[in-house]
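K.L.:
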Amino acid sequence: MPYIDIFRKIQSARRSLLIFASPNEVMHLCKAIKPEGLAILLDVVPPANELQMLFDEMCRYYGRSSK
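Take any residue in the sequence shown, count from 1 to its spot, add 9: that is its number in the numbering used here.
#1: In terms of residues, what are the limits of the beta strand (DSSP E) holding A30?
#2: Give the secondary structure of A22 by DSSP, where H, G and I count as helix, E and B as strand, and everything else as coil.
#3: In whole angstroms, what separates the C-alpha of P55 from that of I15?
#4: What does a CB cutoff of less than 8 angstroms around M36 pick up in its chain, not counting 5 residues either side in sequence?
#5: Mind checking which residues open and close the alpha helix (DSSP H) that includes V35?
#6: Between the beta-carbon of L26 and the beta-carbon of L60, is there less than 8 angstroms?
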């Protein structure tokens, strides 16, 4: 994503981020910027099974249970 540096500058100014992203960009965003003050909205709704897989992957990344 071309805006990662801009997102980091915004976060360094202690501002929150509300980002619209495609499902395939979500984990890249999670790994590239801090979770504090980060909200990601999906620009398309994937099928339920893909959404569950994305949720599970995010939970594993952040060390949380998806159950």
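Beta carbons are placed, not taken as given, at the ideal position from N, Cα and C, and that holds for glycine.
P.N.:
The answer reads as follows:
#1: L26 to A30
#2: coil
#3: 27 angstroms
#4: L63, E66, M67 and Y70
#5: V35 to A41
#6: no
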